[in-house]
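Working notes, beginning with the structure itself.
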Amino acid sequence: MSQKTRTIKTIRIDVDKCNGCRACELICSAFHAVPRYSSNNPERARIRVLYDPLRDIYVPVYAGAYAAAECAGRDRYTIDGKEYAECAFCRASCSSRDIFKEPDSGLPLKCDMCEADPPLAEPMCVQWCLAEALTYEERQEEGAAEPALGEIEIGLEALAARHGWQKLVDTVARLAQKDGTPMDAAKP
Ligand code: SF4
Ligand code: SF4
6 MSQKTRTIKT IRIDVDKCNG CRACELICSA FHAVPRYSSN NPERARIRVL YDPLRDIYVP
66 VYAGAYAAAE CAGRDRYTID GKEYAECAFC RASCSSRDIF KEPDSGLPLK CDMCEADPPL
126 AEPMCVQWCL AEALTYEERQ EEGAAEPALG EIEIGLEALA ARHGWQKLVD TVARLAQKDG
186 TPMDAAKP
């Protein structure tokens, strides 16, 4: 695989500064609404803020990769003397819990760092975090050029895992026919 310089985007989370305002959840869901900013629903956010009522601690967690199957292991964290539930900090959209899934379709949600054209100076959740609990950094790294999966690919993978590829292909063909779009219209 060829090597090339790629931009690594990082959002640093300072849990001590997070006050639980959930502005990050709201703006993320609004930015990704279709059309953009037409709605806001934290259940559609690609960041969720966990709350520990006993210690009054808020922990922002970003949606990571889609997991087609539940993993066999479970992580349990103890932080500052408080034990957190299994899977609490896991970033995966997975079948074992409801977090990081589009509430209507059940399709996985993944943080895309607010990819936009033209690009944003900073992701929206960082811009809206007035407590400065979230800060954005970029760095250049040499590495293998791996194609990033887009939102459509991730959604299709999830649907295929649930219904099988053949059913998915048949359904797309049927819908395209109904719409009057020839199946080869999408070919370059
Ligand atoms: S916007 Fe910032 S302070 Fe508010 S919940 Fe999100 S991370 Fe915490
Ligand atoms: S970087 Fe963008 S997509 Fe990711 S959680 Fe923040 S607002 Fe949502």
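Just so you know, we're using this note's numbering here: the sequence shown kicks off at 6 and counts up by one.
Every residue, glycine too, gets a C-beta built ideally from N, C-alpha and C.
None of these values were measured; they are calculated from a predicted model.
- Residue 178 has its alpha-carbon roughly 28 Å from the corresponding atom of residue 98.
- Counting C-beta pairs closer than 8 Å gives fewer than three between the region 99 to 111 and the region 121 to 133, which falls short of the contact rule.
- Rounded to whole angstroms, the separation of the alpha carbons of residue 184 and residue 67 is 37 Å.
- Classified as exposed, residue 42 has fewer than 16 neighbouring CB atoms from the shown chains inside 10 Å of its CB.
- Contact fails between the region 136 to 145 and the region 88 to 102, because fewer than three Cβ pairs, one in each stretch, are under 8 Å apart.
- By a beta-carbon distance limit of 8 Å, residue 116 contacts residue 51. Their separation comes to about 4 Å.
- In the structure shown, residue 124 falls within a coil segment according to DSSP collapsed to helix, strand and coil.
- In its chain, beyond the 5 residues on either side, 138 have a beta carbon closer than 7 Å to the beta carbon of residue 19.
- Under DSSP, residue 174 forms no beta bridge with any residue.
- No Cβ-Cβ contact shorter than 7 Å links residue 60 with residue 22.
- Judged by beta-carbon spacing, residue 16 lies beyond the 7 Å limit of residue 129, meaning their Cβ atoms are not closer than that value.
- Contact between residue 75 and residue 53 is absent: CB atoms are separated by about 19 Å, not below the 8 Å threshold.
- If only complete runs of 3 or more residues are kept, the region 42 to 123 shows the beta strand (DSSP E) at 52 to 57, 62 to 67, in order along the chain.
- A direct Cα-to-Cα measurement between residue 186 and residue 14 gives close to 38 Å.
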